[in-house]
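Novice: Input: one structure, supplied below.
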């Protein structure tokens, strides 16, 4: 009999303890909800951490409220939340939904995804590409139907020069068959005069009815398959894996056979591999495909200069200028290519002795050097005319004028610098 009384006493104490714990827990969960409502997210987190240690004793209703408040507390005001907090918030909202909350939890989950995307955009604007990529990739993981976020995560990793991650994401996109084509709906903001992209045709039409927007436009978004294949190839080139790059470029060309950047990339790979014959073949193919594109000739000039063929480089740059007379970079590169001839002359001058024949040869080389300067001057003056604030170009011109004995022109440019 004594044993039974003792057992009942212990049981009664246990019930009392559970009752007190449950009341305390409900109070902390309720307080956390109040703190969230008041925007005191740090206070809400503290209350929830205390309640979590006794969560196993709560009924389903209070457990569901706990996870809902936890999601709201870690989401906070949204885009300023850290990736870690947004991950916690997403998991909490998912648990609340599993426990039967089909409205607030779903809404909270979508707010997390929106916050991830907006925060990633902010990171992009400050060139924190790694953070932007991580947030976009996590947003993609939360809903793998939204492959657009995986595409943007890959692009941010590429911009951040994280080639390993970028390659992984681009290969995933390729395997998924991601296309990315579609239609953009645009309208002009009457107040700012700027064209803005609307998320849907319906939204664009509603904004037009307000009178705040006008001039509706539709713009096709081309397929991203060629770009994805191209970026995979370019990453392999960057990493020095030329054979893989060639295979990737073949895939890219199959998707986009007229892409000049792909032809240029393929030519660069063959050049690096020492296959000059294939390199020249591809470069001429580029000219045939785009005979009126100044950038093609400009790139040909750059590559010719890298190969040490400055005469050919100058020829290509001149062809670029014939198409686009305002291409300052091409004109400046002509100056660089012309002045590159000076190096051999200076080396020979430095190697001469003091004999009569050597002195005569020195004078001949001095004249050749002046001829080089005279060839460069017209292009240099044109560059200064189009880019009058370029100090490096002005200093180069001053040095050349001094060498040519044109002190007045040198003094004029020097005064401009001062």
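Numbering (the UniProt record's numbering), first residue to last: 1 to 418. No residue lacks a Cβ here, since even glycine has one placed at the ideal position from N, Cα and C. If you're wondering where the values come from, they're calculated on a predicted model, not measured in any experiment.
(1) Kindly indicate the opening and closing residues of the alpha helix (DSSP H) around residue 419.
(2) For residue 461, I'd like the list of residues in its chain whose CB is within less than 8 Å of its CB, leaving aside the five on either flank, ordered along the chain.
(3) Could you pull out every residue in the same chain whose Cβ sits closer than 7 Å to the Cβ of residue 130, ignoring the five residues on either side in sequence?
(4) Give a yes or no on contact between the stretch 105-115 and the stretch 89-97, applying the rule of three or more CB pairs nearer than 8 Å.
(5) For residue 186, which beta-bridge partners are listed by DSSP?
(6) So, with DSSP's three-state summary, where would you put residue 259?
(7) For the structure I just gave you, are there three or more beta carbon pairs, one from the stretch 251-262 and one from the stretch 189-200, closer than 8 Å?
(8) Between residue 169 and residue 155, what straight-line distance do the alpha-carbon atoms span, to the nearest angstrom?
(9) With distances taken Cα to Cα, identify the nearest neighbour of residue 294 among 408, 395, 328, 234.
(10) For the alpha helix (DSSP H) holding residue 146, just list the boundary residues, first then last.
(11) For the alpha helix (DSSP H) holding residue 168, just list the boundary residues, first then last.
(12) Can you tell me whether residue 82 is buried or exposed, with buried defined as 16 or more other CB within 10 angstroms of its CB?
(13) Quick one: residues in its chain with C-beta nearer than 8 Å to the C-beta of residue 179, no 5 flanking neighbours on either side, listed in chain order?
(14) Give me the residue from 235, 119, 274, 172 with the minimum Cα distance to residue 262.
(15) Using C-beta distances below 7 Å, list every residue in its chain close to residue 361, excluding the 5 sequence neighbours before and after it, in chain order.
(16) Under a three-way DSSP split, which group does residue 181 fall into?
(17) Could you check what DSSP says for residue 355 in three-state terms: helix, strand or coil?
(18) With DSSP collapsed to three states, give me the class of residue 307.
(19) Alpha carbon to alpha carbon, how far is residue 230 from residue 147?
(20) If you draw a straight line from the C-alpha of residue 280 to the C-alpha of residue 385, how long is it?
(21) Relative to the C-alpha of residue 310, which candidate in 340, 320, 49, 290 has its C-alpha closest?
(22) DSSP on residue 275, reduced to helix/strand/coil?
(23) Out of 42, 29, 321, state which residue places its alpha-carbon closest to the alpha-carbon of residue 69.
(24) Where does residue 325 fall in DSSP's three states?
(25) How would you label residue 23, buried or exposed, when you count the other beta carbons within 10 angstroms and need 16 or more for buried?
(26) Looking only at C-alpha atoms, which of 205, 110, 251 sits nearest to residue 227?
(27) When you compare the CB positions of residue 286 and residue 314, do they come within less than 8 Å of one another, or not?
(28) DSSP three-state call for residue 416: helix, strand or coil?
(29) For residue 176, does the count of other Cβ atoms within 10 angstroms reach 16, so buried, or fall short, so exposed?
(30) Just curious, the alpha helix (DSSP H) that residue 92 is in, first and last residue?
(31) DSSP on residue 20, reduced to helix/strand/coil?
(32) With distance defined between alpha-carbon atoms, name the residue in 183, 241, 76 nearest to residue 217.
(33) Cutting at 7 Å between CB atoms, please list the residues of its own chain near residue 124, excluding the five before and the five after it.
(34) So what's residue 223 in DSSP terms, helix, strand or just coil?
Specialist: By the coordinates alone:
(1) Here the chain covers residues 1 to 418 and nothing more, so residue 419 does not appear.
(2) Nothing about residue 461 can be read from this structure; the chain reaches only from 1 to 418.
(3) Here the question's residue 130 lines up with position 130 in the chain shown. Same-chain partners within the cutoff: 160, 162.
(4) Of all C-beta pairs linking the stretch 105-115 to the stretch 89-97, three or more are shorter than 8 Å, placing the two stretches in contact.
(5) If you number the chain shown from 1, residue 186 lands on position 186. Residue 186 pairs with 197, 217.
(6) Counting from 1 along the chain shown, the entry for residue 259 is found at position 259. Residue 259: coil per DSSP, three-state reduction.
(7) no
(8) Locating residue 169 in the chain shown gives position 169, where the first residue counts as 1. Locating residue 155 in the chain shown gives position 155, where the first residue counts as 1. Their backbone Cα atoms lie some 9 Å apart in a straight line.
(9) As a first step, residue 294 is located in the chain shown; it is residue number 294 there, counting from the start. That would be 328, whose Cα lies nearest to the Cα of residue 294.
(10) On the chain shown, position 146 is the one that residue 146 refers to. Run containing residue 146: none; DSSP gives neither H nor E here.
(11) The residue given as residue 168 occupies position 168 in the chain shown. Per DSSP, residue 168 belongs to the alpha helix (DSSP H) from 163-176.
(12) If you number the chain shown from 1, residue 82 lands on position 82. Counting other Cβ atoms within 10 Å of its Cβ, residue 82 stays below 16 and is therefore classed as exposed.
(13) Locating residue 179 in the chain shown gives position 179, where the first residue counts as 1. So the list reads 223, 224, 225, once near-sequence residues are dropped.
(14) Indexing the chain shown from 1 puts residue 262 at position 262. Here the closest residue by C-alpha is 235.
(15) Mapped onto the chain shown, residue 361 falls at position 361. So the list reads 352, once near-sequence residues are dropped.
(16) Here residue 181 corresponds to residue number 181 of the chain shown, with the count starting at 1. Coil.
(17) As a working note, residue 355 is residue 355 in the chain shown. Coil, per DSSP.
(18) Residue numbering aside, residue 307 sits at position 307 when the chain shown is read from its first letter. It is coil, neither helix nor strand.
(19) Within the chain shown, numbered from 1, the residue matching residue 230 stands at position 230. Within the chain shown, numbered from 1, the residue matching residue 147 stands at position 147. Each residue's Cα considered, the two are about 18 Å apart.
(20) As a position in the chain shown, residue 280 is number 280, starting the count at 1. As a position in the chain shown, residue 385 is number 385, starting the count at 1. Between residue 280 and residue 385, the C-alpha separation is close to 35 Å.
(21) Working through the chain shown from its first residue, we reach residue 310 at position 310. Ranking the options by Cα distance to residue 310, first place goes to 340.
(22) Position 275 of the chain shown holds residue 275. Coil at residue 275, not helix or strand.
(23) In the chain shown, counting from the first residue as 1, residue 69 sits at position 69. Of 42, 29, 321, the residue nearest in Cα terms is 29.
(24) For the purposes of this step, residue 325 is taken as the residue at position 325 of the chain shown. In this structure, residue 325 counts as coil in the three-state DSSP scheme.
(25) For the purposes of this step, residue 23 is identified with residue 23 of the chain shown, where counting begins at 1. Its pLDDT being 47, under 50, residue 23 is placed unreliably in this model, and the coordinates cannot settle the point.
(26) The sequence position of residue 227 within the chain shown is 227, counting from 1. Nearest of 205, 110, 251 to residue 227, Cα basis: 251.
(27) In the chain shown, the residue the question calls residue 286 occupies position 286. In the chain shown, the residue the question calls residue 314 occupies position 314. In this structure, residue 314 does not lie closer than 8 Å to residue 286 by Cβ.
(28) In the chain shown, residue 416 corresponds to position 416, counting from 1. Helix at residue 416.
(29) Counted from its first residue, the chain shown places residue 176 at position 176. Only exposed fits residue 176, as fewer than 16 other CB atoms lie within 10 angstroms of its CB.
(30) In the chain shown, the residue the question calls residue 92 occupies position 92. First-last of the alpha helix (DSSP H) with residue 92: 83-98.
(31) Indexing the chain shown from 1 puts residue 20 at position 20. Model confidence at residue 20 stands at a pLDDT of 41, short of 50, so the residue's coordinates are unreliable and nothing is read from them.
(32) Within the chain shown, the letter at position 217 stands for residue 217. For the residues 183, 241, 76, the minimum Cα distance to residue 217 belongs to 183.
(33) As a first step, residue 124 is located in the chain shown; it is residue number 124 there, counting from the start. Within the same chain, residue 124 has close Cβ partners 132, 156.
(34) Position 223 of the chain shown, counted from the first residue, corresponds to residue 223. Coil.
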